[in-house]
Structure formats: structure tokens, C-alpha cells
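Here's the structure, in C-alpha cells; my notes come after.
Residue numbers (our numbering): 11 to 141.
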């Protein structure tokens, strides 16, 4: 199976800022088709329900036809500054799933998401990333 989990560090402060930055990266890597509705879809998903799974930890997830390759992107802040911003994050885990996802990739994604029930695992992701 091709690697589907990736770490990414950013100096952005909010989910909205990170989403915009991530779209550019995923389009340039061929994970997303160009001219997609990713930003709008993440925003809609956040309006439908809270994406925060732990304090300052967000799990946006989408399965759409414009997603070419299923990926889990674990995003941490590249700077260790004291954040006073109301919508800051410690960790964002984007799960993007292609419509034709393999059974093996689906199982991997499901197991990864189940592991997020463990607070110690989330803390490890915050401090060390997925690698």
C-alpha cells in the first residue's frame, strides 16, 4: 500500500488558514483535482457539526469525487508560540478519501481514527507528529 499518512507543519493559526494552505499543497501533489470545492466543503462540514475532537484538535474529513488519492495529513504548528487566538489549534488531522479507496486503505484509515480515542496517542501526535 502506498503511504497515506503525512506530517505537515505550518505557521498558520486557524483551521480556515490551514485549509487554504493545504488546498494548494494537495493540488500541487495531485491529491486533489484543480477547481475543487474543498474549502467550501470543509466549511460546510464544520457548520454541520463540531470538528474539534479534543481541546484544540480538529478532525476535518471528506470523501469526494475531486479527491484523487486517499490521505491522512497530520498538521502541527511549526512555531511554539503562546496562542491567544480564540480559534487556534494544536493539531489538525485532515482525512481525505477518494471515492475509489481500496479496502486496505479504508481499514488503515478506520484503525487510525479509532486510535484517536486514546488521549495519549493524541498527545503523541501533537508533540511528535505521525512519523
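Beta carbons are placed, not taken as given, at the ideal position from N, Cα and C, and that holds for glycine.
Could you give the distance in angstroms between the alpha-carbon of residue i and the alpha-carbon of residue j?
i           : j           : result
residue 132 : residue 85  : 12 Å
residue 68  : residue 136 : 11 Å
residue 29  : residue 139 : 18 Å
residue 107 : residue 70  : 11 Å
residue 72  : residue 88  : 25 Å
residue 45  : residue 36  : 12 Å
residue 16  : residue 98  : 21 Å
Drop a sphere of 10 angstroms on the beta-carbon of residue i, count the other beta-carbons inside from all chains shown, and report buried for 16 or more, exposed for fewer.
i           : result
residue 49  : exposed
residue 22  : buried
residue 115 : buried
residue 58  : exposed
Which one or two residues does DSSP pair with residue i in a beta bridge?
i          : result
residue 16 : 83
Three or more C-beta pairs below 8 Å linking the stretch 72–85 and the stretch 110–121: yes
Ranges of the beta strand (DSSP E) found wholly within the stretch 43–86, counting only runs of at least 3: Runs of the beta strand (DSSP E) inside the stretch 43–86: 62–64, 71–74.
Beta strand (DSSP E) runs contained entirely in the stretch 97–128, provided each spans 3 or more residues: 101–108
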